[in-house]
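Novice:
Chains as they are written, first to last, in the working numbering: chain A, 14 to 412; chain B, 14 to 412.
1) With a threshold of 7 angstroms between beta-carbons, can residue 85 of chain B be considered close to chain A, or not?
2) Could one say the Cβ of residue 353 of chain B lies closer than 7 angstroms to chain A's Cβ atoms, at least one of them?
3) Beta strand (DSSP E) containing residue 210 of chain A: first to last residue?
4) Looking at the unbroken beta strand (DSSP E) that takes in residue 360 of chain B, where does it start and where does it end?
5) What is the DSSP secondary structure of residue 414 of chain B, reduced to helix, strand or coil?
6) Whole angstroms are fine: how far does the CA of residue 217 of chain A sit from the CA of residue 48 of chain B?
7) Tell me whether the beta-carbon of residue 318 of chain A lies closer than 7 angstroms to the beta-carbon of residue 54 of chain A.
8) Quick check on DSSP: helix, strand or coil for residue 227 of chain B?
9) For residue 328 of chain A, write down the residues that DSSP places opposite it in a beta bridge.
10) Between residue 252 of chain B and chain A, is there a C-beta pair that is closer than 7 angstroms?
11) Alpha carbon to alpha carbon, how far is residue 116 of chain B from residue 136 of chain B?
12) Please decide whether residue 137 of chain A counts as near chain B, where near means a Cβ-Cβ distance under 7 angstroms.
13) Just to check, is the beta-carbon of residue 314 of chain A closer than 6 angstroms to a non-hydrogen atom of the ligand HEM?
14) Examine the Cβ distances between the region 183-190 of chain B and the region 208-217 of chain B and report whether three or more of them are shorter than 8 angstroms.
15) When you compare the region 155-168 of chain A with the region 93-105 of chain A, are there three or more beta-carbon pairs, one atom per stretch, that lie closer than 8 angstroms?
16) How close, in whole Å, do the beta carbons of residue 244 of chain A and residue 125 of chain B come, if the pair is a contact with beta carbons under 8 angstroms?
17) What does the alpha-carbon distance come out to for the pair residue 284 of chain A and residue 74 of chain A?
18) For residue 307 of chain B, which residues of its own chain have a beta-carbon under 6 angstroms away from its beta-carbon, when the five flanking residues on both sides are left out?
19) Just to confirm the assignment: which complete alpha helix (DSSP H) runs, minimum length 4, are found wholly within the region 22-74 of chain A?
20) So with Cβ pairs under 7 angstroms, would you call residue 422 of chain B a contact of chain A?
21) Taking 6 angstroms as the limit between beta carbons, can you name the residues of its chain near residue 354 of chain A, skipping five residues before and five after?
22) Do residue 101 of chain A and residue 146 of chain A count as a contact pair if the criterion is CB distance below 7 angstroms?
23) Sorted by chain position, which residues of the same chain lie with C-beta nearer than 7 angstroms to residue 50 of chain B's C-beta, five sequence neighbours on each side aside?
24) Exposed or buried, residue 400 of chain A, counting other C-beta atoms within 10 Å across all chains shown (16 or more means buried)?
25) Name the two residues that bound the continuous beta strand (DSSP E) containing residue 189 of chain A.
26) Report, in whole angstroms, the separation of the C-beta atoms of residue 229 of chain A and residue 86 of chain A, which I expect to be a contact under 8 angstroms.
27) Among A:142, A:69 and A:26, which residue has its Cα nearest to the Cα of residue 52 of chain B?
28) Taking any Cβ of chain A, which residues in the region 282-303 of chain B have a Cβ under 8 angstroms from it, in chain order?
29) Which of helix, strand or coil does DSSP assign to residue 285 of chain A?
30) Just to confirm the assignment, what range does the beta strand (DSSP E) spanning residue 414 of chain A have?
31) Let me know the beta strand (DSSP E) ranges lying completely inside the region 83-142 of chain A, each 3 residues or longer, listed in chain order.
32) Can you have a look at residue 303 of chain B and say buried or exposed, based on whether 16 or more other CB atoms are within 10 angstroms of its CB?
33) Using a Cβ cut-off of 7 angstroms (strictly closer), state whether residue 445 of chain B contacts chain A.
34) Between which residues of its own chain and residue 118 of chain B is the CB-CB distance below 8 angstroms, once the five residues before and five after are set aside?
35) How big is the Cα-Cα spacing for residue 339 of chain A and residue 350 of chain A?
36) Please say whether residue 169 of chain B and residue 329 of chain B have beta carbons closer to each other than 7 angstroms?
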C-alpha cells in the first residue's frame with residue numbers, strides 16, 4: 014500500500030455555531046487553548062499534581078468537604094453506569110424516581126446489572142412527588158439505593174432534592190444523584206444532601222468539550238464498593254479501581270491511560286467557573302433563562318414547566334400546533350448558525366429544548382435566538398408580533 | 014458562596030516532553046490544532062459527515078473493505094471491554110492466548126462478564142506458540158471466541174497473527190485482536206486475518222491524544238451481537254447500540270454525547286497517517302527502532318525480544334544489574350525532559366520500555382535519548398563508552 018491521496022474532507026473546518034441545545038455548549042477559548050498544551054505522560058509527576066488539582070476543584074463545585082472526586086474517562090452516561098455498576102450487586106434493590114428520559118436510562122442500566130429495580134414513574138414536566146417515594150420505601154426493608162436526577166434535560170425540571178435525600182437517609186439507603194445538567198449551573202449540594210454518589214458531564218454548565226464525567230463519592234459509598242461480594246462486571250467503570258488510580262488513598266495504581274487533553278480542559282473550565290464565583294454563575298444562568306422565557310412567552314409560546322420548577326440551564330417549550338419541528342430547527346441552524354434541541358422520548362416532536370449553559374448562557378445569544386425565531390416562525394406558519402420577543406427579553410435584562 | 018480566589022496551579026503550564034514511553038506519544042501540532050475548532054453539536058448534520066469520514070479513514074488503517082468501524086468514547090481498555098462484553102454472554106467459552114500484562118487484563122474482564130475463560134499462558138517476551146492454541150482447541154467443541162494481542166506493550170513482542178487467525182476460523186470461533194499499540198505503526202490486516210473484532214487507542218501510533226478507542230467489527234460479529242439472548246451488562250460499551258449511533262445501518266439512534274474534540278483530533282491524526290502512507294509510516298517506525306536498538310546494544314544493554322519478533326513501536330530493554338530503575342527514569346525526565354516507561358507486572362523493575370510511536374518515532378528523539386543515557390547511566394553506576402550509542406544509531410540511519 015503506497016502513499017494515499019485522500020479525498021478532501023466533506024467538512025474541512027468546523028462552522029461556528031451558537032450552541033443552544035442540550036449540550037455540548039459553546040466552549041471558552043481559554044478552555045480550548047488548555048487542550049493544546051504539549052502532551053504529557055499519564056504517570057508524569059507533573060500530571061499527578063494536575064489530577065490532584067482537578068480533584069480539589071471538583072470538590073468545590075460539588076460543594077463538598079469530605080467526598081472523593083475524580084473524572085471518569087467517558088461521557089455523562091459512563092458516570093451513570095459507573096455508579097450503578099460499582100454500588101449495586103445483582104439482586105440489590107434500587108428505588109428509582111422516574112420523571113424523564115434519562116431516568117429511564119438509569120432503569121435500563123440497573124436492569125442490565127441484575128439489580129432489583131423498583132421504578133416509581135411520575136409524570137414528565139413536573140418535579141417528582143416525594144410522597145411517592147415515601148410510600149414506596151415503607152414497603153421495603155432493605156433498599157440499597159435511591160436514585161434521582163437533579164436536572165432532567167429531557168423535561169427542564171429542577172428537582173428539589175432535600176426531601177428525597179432525607180427519605181433515602183431515613184431508610185438507610187445510598188443516594189445517587191444525576192447532576193449532569195446542573196453542576197456549574199445551579200446549586201449541587203453534595204454534603205448538604207448527604208449524597209453518596211453524584212456524577213456530571215463536562216459539556217454542559219462546566220463549559221468544556223464532552224468526554225469526561227466528573228463524579229463525587231462519599232466515604233460510605235467507597236466502603237460499599239470496597240466490601241462487595243463480587244467485583245462489578247465492568248472493569249473500565251469500576252469506581253474502586255478508578256479511585257486507586259486517582260490516589261484517593263494516597264498511592265496510585267495504574268488503571269488506564271487518562272485522557273490528558275480532556276483533563277487539562279476540565280481543569281481550566283473548573284478554574285473559570287470558580288473564578289466567576291458559583292453564586293454569580295448561577296445568577297447569570299437564572300437571568301438569561303428568565304429573559305428567554307419572557308421572550309418566548311411574548312411570542313405566545315408556552316414553557317412546559319411551571320416557573321417555580323424551571324431549570325435555568327434548559328428551557329423546554331411547546332411547539333405550536335401545525336409547526337414542523339425539524340424544519341424550524343434546520344432553518345435556525347442553516348440560516349442563523351443556532352442549534353436548539355428537539356424533544357426526547359414521549360416529548361419527541363412536541364417540544365424544543367433550549368439550553369443556556371456555561372459559555373452558551375449569554376444575553377447576546379438569547380437575543381440572537383429570539384430575533385432568529387421572529388424570522389423563522391412565520392415561515393413555519395406561526396405569526397409573531399414584530400419585536401415582541403426581543404423587547405420582553407430586554408425588559409428582563411434592564412430590570 | 015461568593016467569588017472565589019483560586020490558588021495558583023501547581024503546574025500552570027505543561028512542560029514540553031519527548032514522550033518515549035508506552036503512550037501517550039507526542040502529538041502533531043496539526044492534531045492539537047484540530048481539537049480547538051469551535052464546538053459543534055453531536056447531532057449537527059456537519060458532525061454526522063465527520064463521523065462518516067472517520068469511519069472511512071478507520072477502514073483504511075485497519076485495511077478492511079467490509080468491516081464496520083467507529084471510535085468508542087473511552088480509552089483502549091474501553092475497546093477491550095466493549096468487545097468482550099458485547100460478544101460474550103455468561104458461560105460462553107473464550108480461549109485467551111496469554112503472553113503479557115494486557116493479555117491478563119483481558120482474562121480479568123472476561124471473568125467479570127461471567128465467560129468460561131480458558132487462559133493459555135505462555136512465557137512473556139516471546140511470541141505465543143500457536144501449537145498451544147491448536148492443542149487446546151482440540152479439547153473443545155464450542156469455543157465462541159479466541160483472543161490475542163498483536164503488539165503486547167508490556168513485552169514488546171510482535172505476535173504473528175496468521176496462524177492464530179487460521180486456527181480460530183477452523184474452529185468456527187470469533188477472533189478478537191488487540192491492536193492498541195500496532196494500529197498505525199505496523200500492519201493490522203483485519204480482512205486478511207478474517208478478524209471479527211479489533212480495537213485500538215489513539216495515543217500510540219495514531220499520534221493523537223488519549224481518549225478514544227477506534228474499533229473494527231466484522232458483519233459476523235455484528236450478527237452475534239444482534240442475536241444475543243440477553244443484552245450485555247454494560248450499556249455504555251454496548252457495541253450494538255454504538256453501531257446504531259454511528260449509523261452502521263443508515264439511520265442513527267442517539268446513544269450518548271460524542272466527545273467531539275477528540276473525534277476531530279482523530280480525524281486529523283488519521284488523515285496525517287494516511288497521507289504519509291501506511292507503508293512509509295511502518296518503514297519509519299522500523300528504521301528508528303533499529304537505530305535505537307543498535308545504540309542500546311552499543312552501550313551493552315540487552316533487548317528482551319529476539320530481533321525477528323521485536324515491535325518497532327516499543328523496545329523493551331533489560332535494566333543492567335545494580336542500576337536503579339526509577340532514578341534513571343527520573344533523571345531522564347527531570348534533566349532532559351524525556352519520558353521512558355518502566356516494566357509492568359512480572360517485568361516491573363526489570364526492564365525499561367521505550368516507545369517510538371507515531372509522532373514520537375523520530376531520528377532526533379532516538380539520538381536525544383541515547384545521548385541522554387550516555388550521561389545518566391554512568392551516574393547510576395553503569396559505564397558506557399563515550400559516543401558509542403549515537404555512532405551505532407547513526408550508522409543505521411546512514412545505511
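Cβ atoms here follow ideal geometry from the backbone N, Cα and C, with glycine treated the same way. These figures come from a predicted structure and were not determined experimentally.
Specialist: Inspection of the coordinates gives the following:
1) Taking the first residue of the second chain as position 1, residue 85 of chain B is located at position 72. With 7 angstroms as the cut-off, residue 85 of chain B does not count as an interface residue toward chain A.
2) Position 340 of the second chain, counted from the first residue, corresponds to residue 353 of chain B. Not one chain A Cβ lies under 7 angstroms of residue 353 of chain B.
3) Translated into positions along the first chain, residue 210 of chain A becomes position 197. Residues 210-212.
4) For the purposes of this step, residue 360 of chain B is identified with residue 347 of the second chain, where counting begins at 1. First-last for residue 360 of chain B: undefined, no H or E at that position.
5) In this structure chain B extends from 14 to 412, so residue 414 of chain B is not present and cannot be described.
6) Here residue 48 of chain B is taken as the residue at index 35 of the second chain, counted from 1. Here residue 217 of chain A is taken as the residue at index 204 of the first chain, counted from 1. Using only the alpha carbons, I get a separation of about 18 angstroms.
7) Residue 318 of chain A sits at position 305 when you count from the first residue of the first chain. Residue 54 of chain A sits at position 41 when you count from the first residue of the first chain. Cβ atoms of residue 318 of chain A and residue 54 of chain A: not closer than 7 angstroms.
8) For the purposes of this step, residue 227 of chain B is taken as the residue at position 214 of the second chain. DSSP places residue 227 of chain B in strand when its eight states are reduced to three.
9) Translated into the one-based positions of the first chain, residue 328 of chain A becomes position 315. In the DSSP output, where bridge partners are listed per residue, residue 328 of chain A has A:367.
10) Here residue 252 of chain B is taken as the residue at index 239 of the second chain, counted from 1. Not closer than 7 angstroms to any Cβ of chain A, the Cβ of residue 252 of chain B fails to qualify, so no.
11) Sequence index remark: in the second chain, residue 116 of chain B carries index 103 (1-based). Sequence index remark: in the second chain, residue 136 of chain B carries index 123 (1-based). Approximately 12 angstroms, taken between the alpha carbons.
12) The residue labelled residue 137 of chain A in the question sits at position 124 within the first chain. Cβ-Cβ to chain B under 7 angstroms: no for residue 137 of chain A.
13) Ligands are entirely absent from the displayed structure, and the ligand HEM is therefore not among its contents.
14) yes
15) yes
16) Against the first chain, residue 244 of chain A aligns to sequence position 231. Against the second chain, residue 125 of chain B aligns to sequence position 112. Their Cβ separation, rounded to whole angstroms, is 6 angstroms, which keeps residue 244 of chain A and residue 125 of chain B in contact under 8 angstroms.
17) Translated into positions along the first chain, residue 284 of chain A becomes position 271. Translated into positions along the first chain, residue 74 of chain A becomes position 61. About 10 angstroms.
18) Numbered from its first residue, the second chain carries residue 307 of chain B at position 294. Answer for residue 307 of chain B: 405, 406 and 409, listed in chain order.
19) 42-48 and 58-74
20) Here chain B has residues from 14 to 412 only, and residue 422 of chain B is not among them.
21) Looking up residue 354 of chain A in the first chain gives position 341. Excluding positions up to five away in sequence, the list reads 34, 35 and 366.
22) Your numbering for residue 146 of chain A matches position 133 in the first chain. Your numbering for residue 101 of chain A matches position 88 in the first chain. It is not a contact, given that the beta carbons lie outside the stated cut-off.
23) Position 37 of the second chain, counted from the start, is the residue given in the question as residue 50 of chain B. Closer than 7 angstroms at Cβ, skipping near neighbours: 277.
24) Within the first chain, residue 400 of chain A is the residue found at index 387, counting from 1. Exposed, since its Cβ has fewer than 16 Cβ neighbours within 10 Å.
25) Against the first chain, residue 189 of chain A aligns to sequence position 176. Segment 187-191, the beta strand (DSSP E) holding residue 189 of chain A.
26) If you number the first chain from 1, residue 229 of chain A lands on position 216. If you number the first chain from 1, residue 86 of chain A lands on position 73. About 16 angstroms separates the two Cβ atoms, so there is no contact after all.
27) Taking the second chain and counting its residues from 1, the one referred to as residue 52 of chain B is at position 39. Comparing Cα positions, the closest option is A:26.
28) 284, 287, 288, 289, 290, 291, 292 and 293
29) On the first chain, residue 285 of chain A is found 272 positions in, with the first residue counted as 1. Residue state, collapsed to three classes: helix.
30) Not covered by the structure: residue 414 of chain A. The range shown for chain A is 14 to 412.
31) 106-111 and 129-134
32) Mapped onto the second chain, residue 303 of chain B falls at position 290. With 16 or more other Cβ atoms within 10 Å, it is buried.
33) Given that chain B is displayed from residue 14 to residue 412, the structure contains no residue 445 of chain B and the question cannot be resolved.
34) Your numbering for residue 118 of chain B matches position 105 in the second chain. Correct list, in chain order: 90 and 93.
35) Position 326 of the first chain, counted from the start, is the residue given in the question as residue 339 of chain A. Position 337 of the first chain, counted from the start, is the residue given in the question as residue 350 of chain A. Straight-line Cα distance between these residues: approximately 15 angstroms.
36) As a position in the second chain, residue 329 of chain B is number 316, starting the count at 1. As a position in the second chain, residue 169 of chain B is number 156, starting the count at 1. Yes, Cβ-Cβ distance for residue 329 of chain B and residue 169 of chain B is below 7 angstroms.
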